[in-house]
Structure formats: C-alpha cells, structure tokens
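Some notes on the structure that comes next.
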Amino acid sequence: MDGLRAPDGPRCDVFLTGTVFLDIIFTGLDSAPVRGTESWARGMGSSPGGVANMATALARLGLNTSLAAAFGDDHYGEYCWDALADGEGIDLDMSRTVPGWHSPVTVSMAYEGERTMVSHGHEAPPPAEPGPFPDCPPRARAAVAALTPGRTEEWIASAARRGARIFADVGWDETGRWDLAGLTGLEHCEAFLPNAEEAMRYTRTDCPRAAARALAGKVPVAVVTLGAEGAYAVDGSTGETAEVPAIDVEALDPTGAGDVFVAGFVTGTLAGWPLADRLAFAGLTAALSVQEFGGSLSAPGWSEIAGWWERVQALDGQDPQALRRYAFLDELLPAAAVRVWPLRRAVPTIGFRRAQ
C-alpha cells in the first residue's frame, strides 16, 4: 500500500464502525456444556470482539484502520481500548468512552470445530454533545459496513460521497423477509460479500453461483462465500468470474473467519490485484484464522502468511496448479527468514499487571 498512498490522499485506508464486545473464549472443551453439570475448559483467553475482529484483521494486514465505537468506562472497556489502540495500532480518534455504560460481553465456548456463544449488552447512549460522526466520517480509501435490513446508516452515503470504496457484509435477516430493497446502503457499495445461504435467500435462487450472478446486477462486485467449498465472485462491470477452493486446514474455531475474509478481500482490492488473487488471498487469510481460537486473536498478519507459504511449498505431493494459484505471494511477502510453523499467538488474559 505504501506506493499507492499519495501525500494528499486520505490518512486512513479503511474506516468502520460498530459495537465492540469483550470476548471471553473457553477452549479445550470436549463437548458442549451439559445442563446441570460443570464443565472445565483446558484453556481460555480474552480479546476485543464484535467489530474489533474486522478492525484487527485489517490492521494486521498493514492497513491504516480507523474505528468509531463506544467503549464502557469499566475495566473491560479500558482493556479493549488499550488492546486495539496500543496493541494493534488502530486509530480510535472517532471512538468515545461512555461514563456509566458497561461493556458488552460475549462468552464463546469452542469445541469440535464449532462454537457456542452467550452475549449480553445494552445499546450505548447517544453522546451528550454532537460530534463529527456519523454524518461526517473521516476521509478513507475504503469503508466496511454491516448492512441491517430496514436500517439506514447515513454515514455510508457520506463516506461514499467523500470517495471511500464501500465493502459490505450482512447478517441473518431475523424478519424473514430477505428483501434486497430493504438493505439501505447497498446502492453505494462496490462489493457485497454475503455467505451462500444469505445470498440465495436474498436472490430467491437455489444455487450460490446463480445468487452471485444475480447480486452482480445490484453491485459492481458480488462475492459469495461457500464454506468448505471456498468462494465465488462475479464482477458485474466486466462479466469476469473467479472461484477458489477452500484451503484444507485443521479448524479449531471459526469465530471471526468471515471478518478476516472481508479484510483480505479489501486489502487485495485496494492494492489493485486481479479478482482471482483477491479471492484466493481472502480465503487464505480466513483459513489461517480458523486454526487459532478467538476472533481478533486469530487474525493473521504477514508473518503468518509467509510462514504458511514457505511451509506449503516445502511439502511433498503438492498439486503444482494449486501452488501456482498463490504464486502472487512471492512478490508480496517479507524477505525469507527462519520461521516456525504453525505460528502461535500469545493469548492475552485480563488480570495481569505490568511490571513496574
């Protein structure tokens, strides 16, 4: 990105907003908790979650990331703020601390490659004094939005008018209507990235690829994630399509994998890569993330990507065609160095005091 950043260009590569949760992750469970019993986990960790998963994934890929969010003035909020600002280098100038408001919390239990979550939180009260957000988000090369059926986010149109390229995902439609017209803001999006089930419901199709083609009539680029089958994308402006298979990894926890996928696709788009390379890179980063526990804890950086690429090329029996799919990494990765695979991240836990 360094060569693409003009001196008079935006200071921020990507802007996003949303709710930050404190995630507490229990790992090493052999099965789901059973009613009336006590389960002991062999490991645990804590980290900022919610929109922080996406912000962390973007920052670890080297994008200057700005996050607008509310933080509680409790210890959880302080921890999340420090982890994002100091630990990940995320710009929180648009964020605020809310006196008397407690941080939303999610407890996640990971087992058998899946997870069960319990969350609690209240909507943050509006600021006492009007600020620059949401009507005037910072200038940014891109923005990531989570579209909600029937809900208008004024900042999306504002960001688009100021030159930001809008990337959007969407959650499950609890209303059951699955009305594309109800996704206010979609008209401003450059790329829309739902999963297969969401895409088929919104387009009334029974095939994810047909759904992607239908969505490409609404947005310039439609990307549909296919789970274990990989991902499929259609560029509506050129008619180009791309499909990449999923990378076979040992999946420990899928939390945040969708956020990491979007972050990888945004990175490749801003860097000007071909559609197939963007799709492959997004799938790779998502695959690396599910090998770790937690959401923001598992987001890979360039050292993890480089470690995977070095190792996979050294393994016997690799499909040459599959390796060529990722040959574009050779020009992107840091200089060769001795790396240990798999690379493990330290899992931060609330409670440790800094040495004096």
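Sequential numbering from 958 applies to the sequence shown in the numbering used here. We put the CB at the ideal spot given by N, CA and C, even for glycine.
Residue range of the beta strand (DSSP E) that includes residue 980:
For the purposes of this step, residue 980 is identified with residue 23 of the sequence shown, where counting begins at 1. 977-984 is the extent of the beta strand (DSSP E) around residue 980.
Taking only the alpha-carbon atoms, compute the straight-line gap between residue 1071 and residue 1211 and give it to the nearest angstrom.
For the purposes of this step, residue 1071 is taken as residue 114 along the sequence shown, with counting starting at 1. For the purposes of this step, residue 1211 is taken as residue 254 along the sequence shown, with counting starting at 1. Straight-line Cα distance between these residues: approximately 7 angstroms.
Please report how far the alpha carbon of residue 1022 lies from the alpha carbon of residue 1074, in whole angstroms.
Against the sequence shown, residue 1022 aligns to sequence position 65. Against the sequence shown, residue 1074 aligns to sequence position 117. The alpha-carbon atoms of residue 1022 and residue 1074 are separated by roughly 27 angstroms.
Between which two residues does the beta strand (DSSP E) carrying residue 1104 extend?
The residue you call residue 1104 lines up with position 147 of the sequence shown. Counting along the chain, the beta strand (DSSP E) containing residue 1104 begins and ends at 1097-1104.
Check for me: the alpha helix (DSSP H) holding residue 1250 runs from which residue to which?
For the purposes of this step, residue 1250 is taken as the residue at position 293 of the sequence shown. In this chain, residue 1250 is not harboured by any alpha helix (DSSP H), its DSSP state being neither H nor E.
Round the Cβ separation of residue 1100 and residue 978 to the nearest angstrom and send it over; I've been treating them as touching at under 8 angstroms.
Indexing the sequence shown from 1 puts residue 1100 at position 143. Indexing the sequence shown from 1 puts residue 978 at position 21. About 21 angstroms separates the CB atoms of residue 1100 and residue 978; that is not less than 8 angstroms, and the two are not in contact.
Nearest chain B C-beta to residue 1105 closer than 8 angstroms, yes or no?
No chain B appears in this structure, which consists of one protein chain only.
Which word fits residue 994, buried or exposed, when buried means at least 16 other C-beta atoms lie within 10 angstroms of its C-beta?
Here residue 994 refers to the residue found at position 37 of the sequence shown. Residue 994 counts as exposed, since fewer than 16 other beta carbons sit within 10 angstroms of its beta carbon.
With a CB to CB cut of under 6 angstroms and the five nearest residues on each side skipped, what residues in its chain are close to residue 1159?
In the sequence shown, residue 1159 corresponds to position 202, counting from 1. Excluding sequence neighbours, residue 1159 sits near 1135, 1137.
Straight-line CA distance for residue 1014 to residue 1237?
What you label residue 1014 is simply residue 57 of the sequence shown in a count that begins at 1. What you label residue 1237 is simply residue 280 of the sequence shown in a count that begins at 1. For residue 1014 and residue 1237, the distance between alpha carbons rounds to 16 angstroms.
Return the CA-CA distance between residue 1025 and residue 1054, expressed in angstroms with no decimal places.
One-based indexing of the sequence shown puts residue 1025 at position 68. One-based indexing of the sequence shown puts residue 1054 at position 97. Their Cα atoms are separated by approximately 11 angstroms.
Using 8 angstroms as the cut-off, can you tell me whether the stretch 1274-1288 makes contact with the stretch 1242-1260, which would need three or more C-beta pairs spanning the two stretches below that distance?
When Cβ pairs closer than 8 angstroms are counted between the two stretches, the stretch 1274-1288 is seen not to touch the stretch 1242-1260, the count staying below three.
Would you say the stretch 1262-1280 touches the stretch 981-1000, given that touching needs at least three Cβ pairs under 8 angstroms?
Contact between the stretch 1262-1280 and the stretch 981-1000 is absent, because fewer than three Cβ pairs lie under 8 angstroms.
According to DSSP, residue 1024 sits in a beta bridge with which residue or residues?
Position 67 of the sequence shown, counted from the first residue, corresponds to residue 1024. Its beta-bridge partners are 973.
C-beta contact flag for residue 1106 and residue 1130 at 8 angstroms:
Residue numbering aside, residue 1106 sits at position 149 when the sequence shown is read from its first letter. Residue numbering aside, residue 1130 sits at position 173 when the sequence shown is read from its first letter. When the beta-carbon positions are compared, residue 1106 and residue 1130 come within less than 8 angstroms of each other.
Alpha helix (DSSP H) segment containing residue 953, residue limits:
There is no way to answer for residue 953, as the model of the chain reaches only from 958 to 1313.
Mark residue 958 as exposed unless 16 or more other C-beta atoms lie within 10 angstroms of its C-beta, in which case mark it buried.
Mapped onto the sequence shown, residue 958 falls at position 1. Residue 958 comes out exposed.
Residue burial classification, residue 1145 (beta-carbon count within 10 angstroms, cutoff 16):
Translated into the one-based positions of the sequence shown, residue 1145 becomes position 188. With 16 or more other Cβ atoms within 10 Å, it is buried.
What are the boundary residues of the alpha helix (DSSP H) that residue 1224 is part of?
Counting from 1 along the sequence shown, the entry for residue 1224 is found at position 267. For residue 1224, the uninterrupted alpha helix (DSSP H) segment begins and ends at 1214-1227.
According to the Cβ coordinates, are residue 1155 and residue 1122 closer than 8 angstroms?
Along the sequence shown, read from residue 1 onward, the residue named residue 1155 stands at position 198. Along the sequence shown, read from residue 1 onward, the residue named residue 1122 stands at position 165. It is not a contact, given that the beta carbons lie outside the stated cut-off.
Under 8 angstroms: do the stretch 1189-1198 and the stretch 981-988 share three or more Cβ pairs, one atom per stretch?
No, the stretch 1189-1198 is not in contact with the stretch 981-988.
Applying the criterion that 16 or more other CB atoms from any shown protein chain within 10 Å of the CB defines a buried residue, is residue 1142 buried or exposed?
By one-based count along the sequence shown, residue 1142 stands at place 185. With 16 or more Cβ atoms within 10 Å of its Cβ, residue 1142 is classed as buried.
Once you ignore the five residues that flank residue 1116 on each side, which residues in its own chain have a CB closer than 6 angstroms to its CB?
For the purposes of this step, residue 1116 is taken as residue 159 along the sequence shown, with counting starting at 1. Non-local beta-carbon contacts of residue 1116 in its own chain, meaning distances under 6 angstroms to residues more than five positions away in sequence, involve 1094, 1100 in chain order.
Candidates 1009, 1199, 1213: which alpha carbon is nearest residue 1039's?
Working through the sequence shown from its first residue, we reach residue 1039 at position 82. Nearest of 1009, 1199, 1213 to residue 1039, Cα basis: 1009.
Alpha carbon to alpha carbon, how far is residue 1295 from residue 1262?
Position 338 of the sequence shown, counting from 1, holds the residue named residue 1295. Position 305 of the sequence shown, counting from 1, holds the residue named residue 1262. Here residue 1295 scores only 48 on pLDDT, less than 50, and its place in the model should not be relied on; the value that follows carries that caveat. So the alpha carbons of these two residues sit roughly 14 angstroms apart.
Beta-carbon proximity of residue 967 to residue 1098, cut-off 8 angstroms:
Working through the sequence shown from its first residue, we reach residue 967 at position 10. Working through the sequence shown from its first residue, we reach residue 1098 at position 141. Cβ distance < 8 angstroms, so residue 967 and residue 1098 count as in contact.
Just to confirm the assignment, what range does the beta strand (DSSP E) spanning residue 1123 have?
The residue given as residue 1123 occupies position 166 in the sequence shown. Here the beta strand (DSSP E) through residue 1123 covers 1122-1127.
So the beta strand (DSSP E) residue 1192 belongs to, where does it begin and stop?
For the purposes of this step, residue 1192 is taken as the residue at position 235 of the sequence shown. Start and end: 1188-1192.
Quick check for students: name the residue ranges of the alpha helix (DSSP H) that lie wholly in the stretch 996-1057, counting only runs of 4 or more.
If we require 4 residues or more, the alpha helix (DSSP H) runs fully inside the stretch 996-1057 come out as 1008-1017, 1032-1039.
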